[in-house]
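Each residue of the sequence shown is one higher than the last, beginning at 250 in my numbering.
From the three backbone atoms N, C-alpha and C, an ideal C-beta is built for every residue, glycine too.
Inspection log for the structure reproduced underneath, given as C-alpha cells.
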Amino acid sequence: MNTTCTPVDTERTVLYVSNSPDQKLAAFLAASGWQAVHAKSTAVAERMLERGNIKVGLVELPGDCTSQHLSALASCMRRVETNWVAQIAPGQAENELVSRFILDYCFDFVTRPWLNERLVFALGHAHGLSSLRHVEVAPEPSAGRHGMVGQCEAMQQLYRRIDKCGVTDAPVFVAGESGTGKELTAKAIHERSPRAGRPFVAINCAAIPPSLLQAELFGHERGAFTGALQRKIGRIESAHEGTLFLDEIGDMPHECQAVLLRFLQEGTIERLGGNGPINVDVRVISATHVDLDKAVEDGRFRSDLYHRLCVLRLVEPPLRERGGDIKLLANYALSMYKQDGARKLRGLSSDAIVAMSNYPWPGNVRELINCVRRAVVMSEGRFITASDLGLPEADNGPAVTLAEIRSKAEKDAIEHALQRHGYKLSEAAAELGISRATLYRLMHANRLHQEPAAGRASSTAGGADADGEAERRAPSLV
C-alpha cells in the first residue's frame with residue numbers, strides 16, 4: 250500500500266485514513282482495481298489531498314472515537330472534490346456525534362464486518378458522482394475585472410466606462426440603488442487613474458451627523474469648538490494627491506453643500522478655526538441612491554454643485570437586471586463564506602437558483618451576499634436551498650424536470666462561453682473543460698450555431714427584415 254506523499258494516479262485512487270490499516274482490505278481493494286494510499290493521520294491525509302485530485306476517501310472511525318477525533322477528521326474532509334465513505338463499528342451509527350458526522354461529511358458508510366460487494370459499490374458510486382461534479386457543481390468564481398464580479402452586458406459596459414473615466418481627472422458621479430457596489434466602482438476608477446497608489450479616502454455623508462460633517466470633511470484646529478482638544482486633519486486634506494469618494498452625497502446638508510462647492514471651485518480648504526487657505530489636490534468621485542435631478546428640482550440639492558460633481562456620470566445596474574450574474578455572485582459569496590458553516594457544502598440547489606433568479610433583490614448585491622452568508626450558517630444539508638436563503642420557492646410555473654433544468658443550464662453555459670470567446674470553438678471548449686469535438690456535438694444537440702446570429706443574418710436576403718430577425722435571434726449575454 251502506498252503510504253508516501255508523492256503524487257499518485259488519481260483515476261481509481263482511494264485515500265484510506267486509518268491508524269491501523271487492514272492489510273486484507275488493501276489487498277481486496279487492489280484486486281478490485283483500486284489503488285489505495287494510506288494516511289495514518291489527518292495531517293498526512295491533508296498533504297495527500299493537496300498533492301493530487303483524489304476523488305474518493307475511505308475513513309475508519311474507531312469504536313471509541315471522540316468529538317476531538319471527529320473534529321480533526323472534519324478539517325480535512327471539508328474538501329468538496331472528495332467523496333468519503335466511512336467504516337464504522339456495529340451500533341456506532343446510533344451515536345449522535347457519529348451519525349451527525351456521517352451526515353455532514355460522508356457520502357456513504359459501511360458497517361464492520363462489511364460485505365465486499367457493498368464496499369465496492371459504495372466506493373464506485375462515490376467515485377462516479379465525484380467525476381460528474383464538474384457538471385453538477387459550478388466552479389468557484391473569483392473576482393474578475395476591476396475586482397468586480399459580473400459578466401452581463403450592463404456590467405461589461407460599466408467596465409468599459411470605468412476604463413475611460415480612469416484616464417481623466419474630471420469629477421465622476423456614480424448613480425445607483427443602495428447595495429449595487431458604487432464604492433467598488435469608485436475604487437476601480439481610482440486604481441485605473443494616474444492617482445493609483447495615492448490615498449483613496451471615502452466618507453459616507455449620510456452616516457455622519459450634520460453638525461459634525463463639516464469638521465469631518467475640512468478638519469479643525471485645536472480649540473475651534475468645545476471638545477476640539479487637538480488639531481484634526483479632515484478627509485479632504487487626507488486625500489491630497491489621491492481620490493476623495495463622497496458616498497451618499499444626496500444626503501449632504503445644504504450648509505455643507507455651499508462649503509464643498511467653494512472647495513471644488515478654488516481647490517483650497519480652510520480648517521474650522523483656521524486662519525488661512527490650504528491648497529489641496531484631489532480627484533472627486535461622488536455617489537448616491539437619491540435621484541439628484543429631482544433633488545435639484547425640489548431645491549434639496551444645489552444645481553451649481555450638481556453640475557460640478559456630474560461632469561462624468563456612471564450608472565450601476567440593479568441586480569434584478571443582471572440576469573445570470575445572480576448565480577455568479579451567489580457562487581462567489583458561497584466561495585468566500587462556506588468555511589463559516591459547520592457542514593461541508595457542495596453548492597446551490599436548483600430550487601435556490603430559481604428562487605434567486607425570481608426574487609427582485611431590493612437590497613441588490615449587498616442583500617444577496619448577506620443572504621448567502623446567512624444560509625451557509627443555517628443550512629443543514631449538502632446544498633443550500635431556497636428555504637435556507639429565506640426566499641420563496643418557485644411554485645407558480647409549469648413543472649420542470651431535472652433533465653430539463655440540466656439541459657437549459659448546459660445550453661446557457663455553452664452559449665455564454667461561445668460569446669465570450671467570439672465563437673472560437675477551441676477557446677470556448679478550453680473554458681468549459683471539454684474537447685472541441687464534444688463541444689461541437691453539444692452545440693448540434695442544443696441547436697447552437699458556429700457563428701453569432703447577426704453574422705448569419707447578414708448573408709440572408711431581406712435587408713432590414715433580416716437584420717431585425719438577427720436581432721431577435723441573437724443570444725442573450727446575461
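Here the C-alpha atom of residue 293 lies approximately 11 Å from the C-alpha atom of residue 264. DSSP places residue 354 in the uninterrupted alpha helix (DSSP H) bounded by 345–354. Counting only residues of its own chain and dropping the five nearest sequence neighbours on each side, residue 310 has a CB closer than 6 Å to the CB of 335, 337. Residue 452 sits close to residue 496, with the two beta carbons spaced by under 8 Å.
Apart from the 5 residues on each side of it in sequence, residue 608 sits with its Cβ closer than 6 Å to the Cβ of 640 in its chain, given in chain order.
If you compare the alpha carbons of 690, 267, 656, 698 with that of residue 668, the shortest gap goes to 698. Our two residues, residue 483 and residue 535, have alpha carbons roughly 17 Å apart in a direct line. Non-local C-beta neighbours of residue 539 in its own chain, meaning closer than 6 Å and more than five positions away in sequence, comprise 499, ordered along the chain. Counting the other CB atoms within 10 Å of its CB gives residue 430 a total of 16 or more, which places it among the buried residues. Separation of the CB atoms of residue 350 and residue 559 is rounded to 58 Å, and the pair is thereby denied contact status at 8 Å. Exposure of residue 694 is indicated by the presence of fewer than 16 other C-beta atoms within 10 angstroms of its C-beta. According to the DSSP assignment, residue 266 belongs to the beta strand (DSSP E) that extends over 262–266.
Annotated three-state conformation of residue 560 is coil, per DSSP.
Rounded to whole angstroms, the gap between the alpha carbons of residue 528 and residue 577 is 45 Å. Using a C-beta cut-off of 8 Å, the region 360–374 makes no contact with the region 396–413, since fewer than three inter-stretch Cβ pairs fall below that distance.
Under DSSP, residue 452 forms a beta bridge with 495. Across the set 331, 361, 326, the C-alpha of 361 shows the shortest separation from the C-alpha of residue 341. C-alpha of residue 593 to C-alpha of residue 601: approximately 17 Å in a straight line.
Assigned with DSSP and collapsed to three states, residue 424 falls in strand.
Here residue 627 has 637 as same chain residues with Cβ atoms under 8 Å from its own Cβ, once five neighbours each way along the sequence are excluded. By the CB criterion at 8 Å, residue 545 and residue 587 fall outside the cutoff.
Within the same chain, 600, 601, 604, 642 come within 6 Å of residue 635 by CB-CB distance, once the 5 residues on both sides are set aside. Between the region 267–285 and the region 293–303, the count of Cβ pairs shorter than 8 Å is below three; the stretches do not touch. In the structure shown, residue 528 adopts extended strand secondary structure according to DSSP, grouped into three states. The straight-line gap separating the alpha-carbon atoms of residue 270 and residue 276 is approximately 11 Å. Residue 400 counts as buried, since at least 16 other C-beta atoms from the protein chains shown sit within 10 angstroms of its C-beta. When beta bridges are read from the DSSP output, residue 333 appears opposite 306. A check of alpha carbon separations from residue 397 across 370, 440, 417 identifies 440 as the nearest.
Under the three-state reduction of DSSP output, residue 479 falls in the coil class, being neither helix nor strand. In the DSSP assignment, residue 535 is bridged to 422, 495. For residue 432, the closest of 493, 330, 692, 475 by C-alpha to C-alpha distance is 493.
Around the beta carbon of residue 563, a 10 Å sphere encloses 16 or more other beta carbons of the protein chains shown; the residue is thus reported as buried. Under the criterion of beta carbons closer than 8 Å, residue 510 and residue 551 qualify as touching, at roughly 6 Å.
Between residue 670 and residue 662 a beta carbon distance of about 13 Å is seen, past the 8 Å cut, so the two are scored as non-contacting. Going by C-alpha positions, residue 606 is about 7 Å away from residue 575.
Its chain contains 477, 481, 520, 521, 522 as the residues whose beta carbon lies nearer than 6 Å to that of residue 469, once the 5 sequence neighbours on both sides are disregarded; these appear in chain order.
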